[in-house]
Amino acid sequence: MLAAANATGNVTADIDSAPAQPKANGFLRPAAAERPTPYIEVDELRLARNIEAMQQRADQAGVSMFPHVKTHKSLYVARRQLALGARGITASKPSEALVFAEAGIPSIILAYPIVKPQSLDRLLPVVKARGTQLRTIAASATGVEALSAAATSHGVEIGVFLKVDVGLGRVGLKPNDPAALKLCAQIAASDGLHFAGLLSHAGHSYAATGPQGLAKVARDEAADLAGLAGRLRDRGIAVDCISVGATPTCAGAPLSQEVDCVRPGNYVFLDGTALRLGICTADDLALSVVARVVASNDTHFIIDAGSKSMSSDRGAHGMGGAGFGTVVSAEGDGETGVWTLERLSEEHGFVPFSGRPLTLGSRVRVFPNHSCASIANFDHFTLHHADGGATTLPVDARCCQT
């Protein structure tokens, strides 16, 4: 299960945090389902366990869960999250949110900056027809103006969070930027909008080197948001919700009392980056890419999964470890060798012998460093059931790029 964080912010787990050499037994799984390779396989038992563990953390902290569906892009997984207690979902692009709005998801946070009102022309009619609660973000006056124009044009009300940059350096205003107060007032005064609160993403937590680093990022994030919320309230602007979202801080550090809502995504599958951070064990990894050994040379064996299957991403925000994933046998034969996927070309993966190659034609299971980027390369994934059966399910929101 997900590693637990104690009151001091230290992470406890069944294995050492970020082990230098993975323990082979933690990666072993039953034989992979018989499918043409490469394909994505998700272990149903581990998926359910991961969803339940994070929901329990949120429930115990008294915060609402709005998991980020960009990790899985799956209606099946989202419905399992809602069934266990999530209040809604978080999406990246309007087209991704549209898939889930059309499926009847009741509340959606669109955590992406909108700067043109036309970007919402497909989503808002569905939101209006379905009665979906929609909240999004703004980090500029241009964005607020675009959201107001879209909302009034379609006759809907949109909740708008101020996006706060707490350290990633991607989107948002710094918490001490005087412009933050002005922008929140602009949101509150704009037609078709209401000020929803403060939202951040501590993506820089993926670069942490241990539990203490994760805990510090989480504490600093909460303090920055609470300080800004206090300044807003002093000006008479109510802050109804403080929302944070990053699997490392949600799983590897205590959830702050200042936080009302969490938006982790990667926790459903986990990956090599989560393992490196020490927030899970190898046995928690729910997603793998099943590939086949198709060639070998004097230094490597070659598998039929390259960058078009794995992606060339070594981890979230490019903050990954060595190689592109951990490789083990997928034949269910008790093989205990562990290899590293060292490099990629488009359709091939290079795995060093490390003393002994695998048999030509045999299947391997690759646990990627970044599961979110891997599943986005496939139209379908295979759900492996505890009884040995398997079901093929769609990646419903794949290729939602607008």
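Okay, so the sequence shown: first residue is 4 according to this note's numbering, each after it adds one.
Even glycine gets a Cβ: it sits at the ideal position worked out from N, Cα and C.
Cβ-Cβ distance between residue i and residue j below 8 Å
i: residue 302; j: residue 325; result: no
i: residue 207; j: residue 248; result: no
i: residue 174; j: residue 218; result: no
i: residue 328; j: residue 275; result: yes
i: residue 40; j: residue 366; result: yes
i: residue 144; j: residue 113; result: no
i: residue 167; j: residue 231; result: yes
i: residue 280; j: residue 251; result: yes
i: residue 385; j: residue 154; result: no
i: residue 74; j: residue 272; result: yes
i: residue 370; j: residue 291; result: yes
i: residue 240; j: residue 196; result: no
i: residue 235; j: residue 187; result: yes
i: residue 165; j: residue 183; result: yes
i: residue 381; j: residue 42; result: yes
i: residue 379; j: residue 387; result: no
i: residue 261; j: residue 225; result: yes
i: residue 284; j: residue 96; result: no
i: residue 133; j: residue 89; result: no
i: residue 277; j: residue 48; result: no
Buried or exposed by the 16-neighbour rule on C-beta atoms within 10 Å, applied to residue i
i: residue 238; result: exposed
i: residue 181; result: exposed
i: residue 462; result: With the chain running from 4 to 405 in the structure shown, residue 462 is simply not present.
i: residue 33; result: exposed
i: residue 119; result: exposed
i: residue 189; result: buried
i: residue 25; result: Below a pLDDT of 50, predicted positions are generally treated as unreliable, and residue 25, at 48, falls in that range; the measurement from the model is reported next regardless. Buried: at least 16 other Cβ atoms inside 10 Å.
i: residue 200; result: buried
i: residue 65; result: exposed
i: residue 362; result: exposed
i: residue 266; result: buried
i: residue 357; result: exposed
i: residue 351; result: buried
i: residue 170; result: buried
i: residue 172; result: exposed
i: residue 399; result: buried
i: residue 349; result: exposed
i: residue 337; result: exposed
i: residue 300; result: exposed
i: residue 28; result: exposed
i: residue 81; result: buried
Three-state secondary structure (DSSP) of residue i
i: residue 303; result: strand
i: residue 249; result: coil
i: residue 405; result: coil
i: residue 141; result: strand
i: residue 195; result: coil
i: residue 101; result: helix
i: residue 244; result: coil
i: residue 343; result: strand
i: residue 169; result: coil
i: residue 201; result: strand
i: residue 383; result: strand
i: residue 221; result: helix
i: residue 24; result: At residue 24, the pLDDT of 43 sits below 50, so the modelled position is not reliable; the number obtained from the coordinates is stated separately. Coil.
i: residue 93; result: strand
i: residue 162; result: strand
i: residue 189; result: helix
i: residue 394; result: strand
Inter-residue CB distance, residue i and residue j (contact presumed, cutoff 8 Å)
i: residue 159; j: residue 140; result: So it is not a contact: roughly 17 Å between Cβ atoms.
i: residue 92; j: residue 70; result: 6 Å
i: residue 131; j: residue 157; result: 6 Å
i: residue 151; j: residue 194; result: 5 Å
i: residue 55; j: residue 101; result: Between residue 101 and residue 55 the Cβ distance is about 28 Å, and since that is not below 8 Å, they are no contact.
i: residue 245; j: residue 263; result: 5 Å
i: residue 78; j: residue 289; result: About 17 Å separates the two Cβ atoms, so there is no contact after all.
i: residue 310; j: residue 377; result: No, residue 310 and residue 377 are not in contact; Cβ-Cβ is about 10 Å, not under 8 Å.
i: residue 375; j: residue 269; result: 6 Å
i: residue 307; j: residue 297; result: 5 Å
i: residue 136; j: residue 110; result: 4 Å
i: residue 30; j: residue 293; result: Their Cβ separation, rounded to whole angstroms, is 13 Å, which puts residue 30 and residue 293 out of contact at 8 Å.
i: residue 57; j: residue 221; result: Not a contact, Cβ separation roughly 15 Å.
i: residue 108; j: residue 149; result: About 23 Å; that fails the 8 Å criterion.
C-beta neighbour in chain C for residue i, strict 8 Å
i: residue 325; result: Absent from the structure is chain C; it holds one protein chain and no more.
Ranges of the alpha helix (DSSP H) found wholly within the region 29-89, counting only runs of at least 4
The DSSP assignment places complete alpha helix (DSSP H) segments of no fewer than 4 residues inside the region 29-89 at 47-64, 78-86, in order along the chain.
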